[in-house]
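As given, the protein sequences belong to chains A and B, one line each in that order. Residues 1 to 442 in our numbering are what the first sequence spells out, letter by letter. Residues 1001 to 1447 in our numbering are what the second sequence spells out, letter by letter.
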Amino acid sequence: MIPPPAGQLRDLRRRQNDFSRELAEKGWFHSFEMPDGARIEGCMSLAWQRERWSRFPIPADLTGKRVLDIGAWDGWFTFEAERRGAAVTSVDCVDVPNYHRIHQALGSRADYRNLDLYEIPAAGLGRFDIVFCLGVLYHLKYPFLGLEIVCSLATEVALIETFVIDGDTWRERRDCIPTLEFYETDELNGQFDCWFGPSVGALMALCRAAGFARVETLAVDRDHALVAGYRTWEPEPEAPACEPPELVAAANVNTYGINFSSRRDQYVTCWFRTPVPALTRDQLCLEVGRFGAPAVHLQPEEGAWRGTFRIPPGCDRGWNSVSLRLAGSRFSAPRRIAIDMPLAVESIAVKDVADGQTWERGRIRSGHATCWVGGLPENCDRHNVRAFLGDTPLAVTFIGDPGSDGCRQLNAALPPGAPRGEAPFRVECGGVRSPALPVRAE
Amino acid sequence: MEARNPTDTHDLQKLVEDLNRLGWFHSIQLPSGEVIAGIQTLEQLRRRIAQFPIPADLTGKRVLDIGAWDGWFSFEMERRGAQVLAIDSARNTRFLKAREILGSKVEYQIADICRVTARDLGRFDIVLFFGVLYHLKHPLRALETVCDLSTGLALVESFVTDDGSQPAAPPVMEFYETTELVGQFDNWVGPNTPCLLAFCRTAGFARVSLESVIANRAHVTCYRRWPSGAGTAGAPSLTCVENSVSRDHDFSALRDDYVSLWMRGPQTGLTADNVFPEIGPYGVRPAEVHAAGGDGWLVNCKLPPGLDPGWHVARVRAGDSAFSNAVRIAVDLTAEERRRPAGPRAEGLRIHSVTDGRTWEKLRVRAGEDACMSMWAAGLPESVEAAQVTLRLDGTDLPAVWLSPADAQGLRQINVLLPVGIPPGRARVSLALDGAETEGVQVDLAR
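The following block contains the structure:
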């Protein structure tokens, strides 16, 4: 084998530093067995690569699957996935000549892109059933951002392998706060492109926080850990141990509405009832659209429970169903939320304004108003519908489902100190304003 | 306090009562002298700001207050004469209320530090970054933005997991998946003090100084420049400046680019602590310094954040040396823009010939490993030294590593080194003396 030219050697060393000397001698990181039986011996043995592969929780036949290999390097995992039938895209931050040699020798159809991990979402590659991110994470300056991107690109599972700092003691350290070591210069293996070394616990926590439904360790040795991040929950139990929870409501934790934006970190809070006592958050399995989301918070609230979950990355635009199950139950009946949905409003009409307690028409004595509103869009909520008495904004406390006439009930509270007397009442949504109805506040 | 009539007193009392109901974190002193009591007393707030070397008079300075919250720090900077922009991730009505009562002109914007750029906000002499870092998912990225936004100082105050007494401890950051830190949902990371300092250095500041750690709060002053005043000891000379990874002349402030400065100098024992690179207006701390054989050194540093597209001068000091020669590099200029002559025309200078530095082949220079180029020029006075002369390859300086005396024809030979990653193709080569440049000649770079 021809060793890489000295100019590239430095780049090579910047990528896979633990093996720099060996790599310089062998010229290859991965080993290959070519169709004609010829073998290329790299730093990683074929046996080790196959052992790694055997731990991946993916089918032997990958026909019809899209696979993304981030940090493909010489490409063994890319070409193995392709051999098993997958359509593979390989990404690397530098152009690796060895990859091209194997690609050509195998007549591979794998798509090869030179991109930084952070550039992948904007590169228009689409999403992938399976994502490999092997030996990349500790080279990232923003490891959590990297994992969020990996998660958003995967629809089934991501295989993440990285250097870890406590491979030999992580089981004893399970109750410790997850930590990452930071390498300012060349502290790790004398190389200066290693930025973070996570503990196994930190790797798992980062993956969960990045948006995977569940994270499993597949292999941990002294310096390295391989984990699987799944986008979905395990299948519902055949024989449930308990009834599904009753999902009372699902709302945006900031607005209490049903609308969410995929451009920001958003959290959905779910109120539910279950007879299961002593519930903990790791028993909760939320599904939003087709993706699972773990609970980040759980608290009892007024005889029910309130669990909070991050909206999983990569949800489709539009209506998404939200359902909840406990580890031993089936899923609840779904609620639905709107993601990135525009507010399409043509005209709004308010029919009848009444006191919220006495139902007396045209007068508000209790400080609470109830009205019926037509023309509100399907994804209207407490946050995007506003009610005004004169110039005073009211707090919208409830919006009902549309009745047979298409009108929805809207409840609103007058703020303390709101002016009294006759004033025009109107409702606004999506920049459209209803005609005013005269109302007397007393 | 002066006596007031009962109506005034009543109104003021009512205002104070109303304001108190809003639940303040910062205490705010009203123009009347009354204090709206927040969770943090005025004394505590003053103590926080006193940890940092902020001048008492900030007249003419632009200050950015990131995560302004109720606004005490913004109003304090304004009181000292600065023009202040306060940003926060969510709208805080108490800030607006306080601004109104104080008659303040502080500008207020809702902006997320993880998403803003200098293009959105402009740049600032001083950036306050108080109590925000540990609420962020990508702390190092945010610090890079803070560095990008600041032209003078950034003042960083953050929760840390230690008391700062062990500066040599390994830098470690805790990660909080949910509510592990004080039961709050919006805390993501807890660095120890060494990690916070390493983050600040890595973000691109020239100097980072730990002022204090009080009750798990570290106060770090980050400087964009080296202290002024070069030394007088023999200056190192830059022999080549290149992108650390691509090893060519391509530099972008939009990427995380690193710059390799190859230099020679009489100094020994150089480390990241006694080499002071400067690119454009900013100092930057070396990420690493290596002996490169003989009197040669390789200094790698981050391209300092915040460089506008255009030509920027790189130079370096080592220990108490004078500045090295200046080497011009292009940041975010297209190949075409770089090829276009920029700067004054050199009078009386003329390129006689350009050759490969080894084969002497004319107008054709082999690129790649150990590439070098020679030029013979007319009109260079005998008094001119190598440090004053560069060849320009599509506008980027290649410092002269050797300058001959004039030959019988009055020509002087200039030798330069080419970065190994310079791509093959046509290039424009010119000669520059003290910033003025000759006409260019076309040279073929061949592989």
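In this text, a Cβ means the ideal position worked out from N, Cα and C, and glycines have one as well.
Cβ separation of residue i and residue j, assumed to be a contact under 8 Å, to the nearest whole Å
i	j	result
residue 180 of chain A	residue 198 of chain A	5 Å
residue 1414 of chain B	residue 1441 of chain B	About 13 Å; that fails the 8 Å criterion.
residue 1282 of chain B	residue 1206 of chain B	7 Å
residue 268 of chain A	residue 252 of chain A	7 Å
residue 1453 of chain B	residue 1131 of chain B	For chain B, the structure presents residues 1001 to 1447; residue 1453 of chain B sits outside this window and is missing.
residue 1236 of chain B	residue 1327 of chain B	Not really, about 12 Å apart at Cβ, beyond 8 Å.
residue 1411 of chain B	residue 1378 of chain B	6 Å
residue 1160 of chain B	residue 1176 of chain B	Contact doesn't hold; Cβ gap of about 14 Å is too wide.
residue 1364 of chain B	residue 1356 of chain B	6 Å
Beta-carbon gap between residue i and residue j smaller than 8 Å
i	j	result
residue 195 of chain A	residue 140 of chain A	yes
residue 411 of chain A	residue 398 of chain A	yes
residue 142 of chain A	residue 1140 of chain B	yes
residue 1016 of chain B	residue 1039 of chain B	no
residue 1277 of chain B	residue 1240 of chain B	no
residue 335 of chain A	residue 250 of chain A	yes
residue 1172 of chain B	residue 1195 of chain B	yes
residue 1197 of chain B	residue 1182 of chain B	no
residue 1042 of chain B	residue 1085 of chain B	no
residue 148 of chain A	residue 205 of chain A	no
residue 1050 of chain B	residue 1306 of chain B	no
residue 281 of chain A	residue 245 of chain A	no
residue 328 of chain A	residue 348 of chain A	no
residue 260 of chain A	residue 337 of chain A	yes
residue 1332 of chain B	residue 1252 of chain B	yes
Per-residue burial, residue i [other beta carbons within 10 Å of its own, 16 or more giving buried]
i	result
residue 17 of chain A	Low confidence applies to residue 17 of chain A: its pLDDT is 45, below 50, so where it sits in the model is not reliable, and the reading given next is rough at best. Buried.
residue 264 of chain A	exposed
residue 1437 of chain B	buried
residue 1430 of chain B	buried
residue 1020 of chain B	exposed
residue 1334 of chain B	exposed
residue 441 of chain A	buried
residue 1059 of chain B	exposed
residue 1320 of chain B	exposed
residue 72 of chain A	buried
residue 98 of chain A	buried
residue 120 of chain A	buried
residue 1027 of chain B	buried
residue 1290 of chain B	exposed
residue 1110 of chain B	exposed
residue 1061 of chain B	buried
residue 1165 of chain B	exposed
residue 231 of chain A	buried
residue 1044 of chain B	exposed
residue 162 of chain A	buried
residue 1072 of chain B	buried
residue 1434 of chain B	exposed
Beta strand (DSSP E) segment containing residue i, residue limits
i	result
residue 1160 of chain B	Looking at the DSSP string, residue 1160 of chain B is not in any beta strand (DSSP E), and its letter there is neither H nor E.
residue 1124 of chain B	1124 to 1130
residue 92 of chain A	87 to 92
residue 421 of chain A	421 to 429
residue 1101 of chain B	Looking at the DSSP string, residue 1101 of chain B is not in any beta strand (DSSP E); the run it does join, the alpha helix (DSSP H), is 1093 to 1102.
residue 1062 of chain B	1062 to 1066
residue 132 of chain A	128 to 134
residue 985 of chain B	Only positions 1001 to 1447 of chain B appear in the structure, and residue 985 of chain B is not among them; the question remains open.
residue 371 of chain A	368 to 374
residue 1172 of chain B	1172 to 1175
Segment limits, alpha helix (DSSP H) that includes residue i
i	result
residue 1073 of chain B	1072 to 1079
residue 1266 of chain B	Counting along the chain, residue 1266 of chain B falls outside any alpha helix (DSSP H), and DSSP gives it neither H nor E.
residue 104 of chain A	97 to 106
residue 201 of chain A	200 to 210
residue 149 of chain A	143 to 153
residue 327 of chain A	That residue, residue 327 of chain A, is in no alpha helix (DSSP H); it is neither H nor E in DSSP.
Residue i - partner residues in DSSP beta bridges
i	result
residue 1051 of chain B	Bridge partners of residue 1051 of chain B: none, in fact.
residue 292 of chain A	A:287
residue 363 of chain A	A:440
residue 1221 of chain B	B:1155, B:1209
Neighbour flag for residue i against chain C, beta carbons, 8 Å
i	result
residue 206 of chain A	Included in the structure are the protein chains A and B, with no chain C among them.
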